[in-house]
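Chemist: Residue numbers (this note's numbering), protein chains in the order written: chain G, 98 to 249; chain L, -9 to 365; chain H, 40 to 230.
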């Protein structure tokens, strides 16, 4: 019934999705420290904290149900012609604004490669390293069964 | 009947001031920070997020500090706070098969793809008080890491479903009911039941789950799988029109595998009871899964004979914030109510005494009459 | 596609002020109040209609509009509301041109009359002191409201809307940064 929004910026390769996912997991300080000087941006929507209802599926793969809400902070900024958006878990308004700003800047082909290298790549690498470390700690608790020799 | 009563303002502020003092405790000891609660009382934080139905570790930790460790009071604070926030929308259903696992165990298969990953668990601890923890300032070293990480692992239920031995879940794209928007009504569909249980009281879920094991609505459960870890949450902002990741949240999932003897339309097979909760909460997820399965009795054509199978009983009493509100309101002034009860009781007593007196009088008169007649 | 303009400068305080204005307008039917004076919504959206929707519409209120892609993108961004293709599925209906018939909108039910839709309709101008004669709850004797550019046949349709009370549709008339409300209880006669 609901009409789908037109895609203001189609993301056929999922590149934008990928950098937004990295920014959503990065702390404000972590982004700020990597971010080069940026021109002034206009706040289209000042950072605002609200809720998203998290859904699960019955049995893991059945009908959707409402599990509970999570706090999310969103922000939208304009930088030149581009509109940058951020929706990030938690209540850090500075993170949301920085993430929106980087999202706007990354839409500018002239800036993209440098920013991907300076900001997104190091953040992504750090996040991946943390994930790997935890996955290896989990693997260290994996049970190695061995069968006792049958005694007669 | 309720009558507004004024007064007591001074007593109330003095009581609140004392409450603040008792919260702080002995001021010669350092004050607990919210970050300390969040980091070192992690499972309490998880429980408050689940029962407060709001995933935010800092807010849950703050609520625990404010509530002096009363977790139901803390969940209440979190529920109250969430009502002040705007709802941006609903996420895509989380993909638990792609969870970043810290723990994954199955009681149904020893060897299964992905293996048994114990994670940070109390299981196999000796439940002996560890007095080493009483000595502060001790640095614990990092645990070992395996050379190869745990990757994505398939669901146990999927392994059984592929063989046709596990009932497939019904999928429809209907918008699930939402208890934060519409009050509970019956019959309650499974999505609404699951939402209710996911935020239900852990003790209530545990006790009801236990009752099903002890024969009150038994369906012979096995833990098909428990998963604890982090899952990405995706949301489609209407202005973007495509799904983006908001970040990750910690969740626990329990798939309970239960017997089903079959019906005229379906062969004998296994069915699922499902538990999914915020944070690390195995006991809660298992209780939820047992109760979810018990509440499917009607849908599966089973007899409804036990409390855990009675949807109205379960769903109306699972919420500890509603329960505490109604139970604890009894201590609020009921002066007028009670006066009328008192009056009522006195009237009953008086009329009973009067009736007895009248009866005695009549009996006496009758006796006298009999005596006279005998004379 | 024109670039998005900002919504309320202070989303909380400005929405509260507009809510207060709409409340005033609804409780005193026909009284003209000011809302959204500082907004710059995309054409053809007028400031008052934009303010009403920024204040009342959100992700839980399906929206229908005839205002075109720019206005829809602006509302979608600032309200987070989902647009529906059929006016009778909408909680709020925005008409910048000829609105859908009142009896084609969601009227709520006898048990849940609050589910009736709100029609936000843009007109050419609103004035007080002459024009329609309004009577009903919230009006002591009679209130006069002058509307230019009201939809054709509106008063006849309104009489029918009022006849199905408690079901029915509420209307907010908007022109520039002014609005007047017609709750379903109000009776309107030609001036």
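The beta carbon of each residue, even a glycine, is placed where N, CA and C say it ideally should be.
These figures come from a predicted structure and were not determined experimentally.
1. Should the stretch 246 to 259 of chain L be regarded as contacting the stretch 281 to 296 of chain L, the criterion being three or more beta carbon pairs within less than 8 Å?
2. Kindly say whether residue 159 of chain G, judged by its beta-carbon, lies nearer than 7 Å to any beta-carbon of chain A.
3. Between which two residues does the beta strand (DSSP E) holding residue 17 of chain L run?
4. Would the stretch 185 to 196 of chain H and the stretch 170 to 177 of chain H be scored as touching if the rule is three or more Cβ pairs under 8 Å?
5. Chain L partners of residue 98 of chain H, CB-CB under 7 Å?
6. Could you list the residues in the stretch 129 to 160 of chain G with a C-beta less than 8 Å from some C-beta on chain H, going in chain order?
7. Just tell me which of H/125, H/130, H/217 has its CA closest to the CA of residue 147 of chain H.
8. Any chance the stretch 194 to 205 of chain G sits against the stretch 93 to 113 of chain L, with 3 or more Cβ pairs inside 8 Å?
9. Mind pulling the chain G residues with CB within less than 7 Å of residue 378 of chain L?
10. Where residue 15 of chain L and residue 21 of chain L are concerned, what is the direct C-alpha to C-alpha distance, given to the nearest angstrom?
11. What are the partner residues of residue 173 of chain H, as DSSP defines its beta bridges?
12. Say whether the stretch 204 to 214 of chain H touches the stretch 148 to 167 of chain H, bearing in mind that this needs 3 or more beta-carbon pairs closer than 8 Å, one atom from each stretch.
13. Closer than 7 Å, CB to CB, is residue 123 of chain G near chain L or not?
14. What residue ranges within the stretch 33 to 113 of chain L form continuous alpha helix (DSSP H) runs of no fewer than 4 residues, ordered along the chain?
15. Can you list, in chain order, the residues of the stretch 221 to 236 of chain L whose Cβ is nearer than 7 Å to any Cβ on chain H?
16. Put residue 104 of chain H into one of helix, strand or coil per three-state DSSP.
17. Just by C-beta distance, which residues in the stretch 268 to 281 of chain L are closer than 7 Å to chain G?
18. Quick one: list the residues of chain G neighbouring residue 243 of chain L, beta-carbon separation under 7 Å, in chain order.
19. Kindly indicate if chain L contains any beta-carbon less than 7 Å away from that of residue 108 of chain G.
20. So, with DSSP's three-state summary, where would you put residue 98 of chain G?
21. Are any of the Cβ atoms in chain G nearer than 7 Å to that of residue 181 of chain L?
22. Per DSSP, which one or two residues make a beta bridge with residue 135 of chain L?
23. Please check if any C-beta of chain H sits within less than 7 Å of the C-beta of residue 102 of chain G.
24. For the alpha helix (DSSP H) holding residue 124 of chain H, just list the boundary residues, first then last.
25. Within a Cβ cutoff of 6 Å, which residues of the same chain sit near residue 150 of chain G, ignoring the five residues on either side of it in sequence?
26. Could you spell out where the beta strand (DSSP E) holding residue 63 of chain H opens and where it closes?
27. By DSSP, does residue 177 of chain L sit in helix, in strand, or in coil?
28. Residue 219 of chain L and residue 77 of chain L - do their beta-carbons sit closer together than 7 Å?
29. Quick check: the stretch 161 to 181 of chain L against the stretch 297 to 308 of chain L, are at least 3 beta-carbon pairs closer than 8 Å?
30. Is residue 98 of chain G close to chain L? Criterion is C-beta to C-beta, closer than 7 Å.
31. Cβ of residue 106 of chain H within 7 Å of Cβ of residue 126 of chain H?
32. For the alpha helix (DSSP H) that residue 278 of chain L lies in, which residues bound it at each end?
33. From the DSSP output, in three-state form, read off residue 110 of chain G for me.
34. Counting only Cβ pairs nearer than 8 Å, list the residues of chain H close to residue 171 of chain L.
35. Counting pairs of Cβ atoms below 8 Å between the stretch 322 to 333 of chain L and the stretch 226 to 240 of chain L, do you hit three or more?
Modeler: The short version:
1. yes
2. Looking at the structure shown, chain A is missing, and the protein chains on hand are G, L and H.
3. That residue, residue 17 of chain L, is in no beta strand (DSSP E); it is neither H nor E in DSSP.
4. yes
5. The contact set of residue 98 of chain H on chain L, defined by CB atoms closer than 7 Å, consists of 77, 78, 79 in chain order.
6. 139, 140, 141, 142, 143, 145
7. H/130
8. no
9. Residue 378 of chain L falls outside the range modelled here, since chain L spans only -9 to 365, and no answer is possible.
10. 9 Å
11. H/182, H/227
12. yes
13. By the rule that beta-carbons nearer than 7 Å mark a contact, residue 123 of chain G does not touch chain L.
14. 47 to 56, 61 to 72
15. 228, 229
16. strand
17. 268
18. The contacting residues are 157.
19. yes
20. Because the pLDDT at residue 98 of chain G is just 43, under 50, the model does not fix this residue reliably, and the point stays unresolved.
21. Interface with chain G (7 Å Cβ-Cβ cutoff): residue 181 of chain L is included.
22. DSSP, once it has assigned bridges, lists no residue as partnering residue 135 of chain L.
23. Because the pLDDT at residue 102 of chain G is just 47, under 50, the model does not fix this residue reliably, and the point stays unresolved.
24. Per DSSP, residue 124 of chain H belongs to no alpha helix (DSSP H) and is neither H nor E.
25. 163, 166
26. From DSSP, residue 63 of chain H is part of no beta strand (DSSP E) but of the alpha helix (DSSP H) over 50 to 66.
27. Residue 177 of chain L: coil per DSSP, three-state reduction.
28. No, Cβ-Cβ distance for residue 77 of chain L and residue 219 of chain L is not below 7 Å.
29. yes
30. Because residue 98 of chain G carries a pLDDT of 43, less than 50, the predicted location of this residue cannot be relied on, and the following value inherits that uncertainty. No, residue 98 of chain G does not count as interfacial toward chain L.
31. no
32. 272 to 285
33. Note: residue 110 of chain G maps to coil in three-state DSSP.
34. 99
35. Flag = no, the stretch 322 to 333 of chain L and the stretch 226 to 240 of chain L do not touch.
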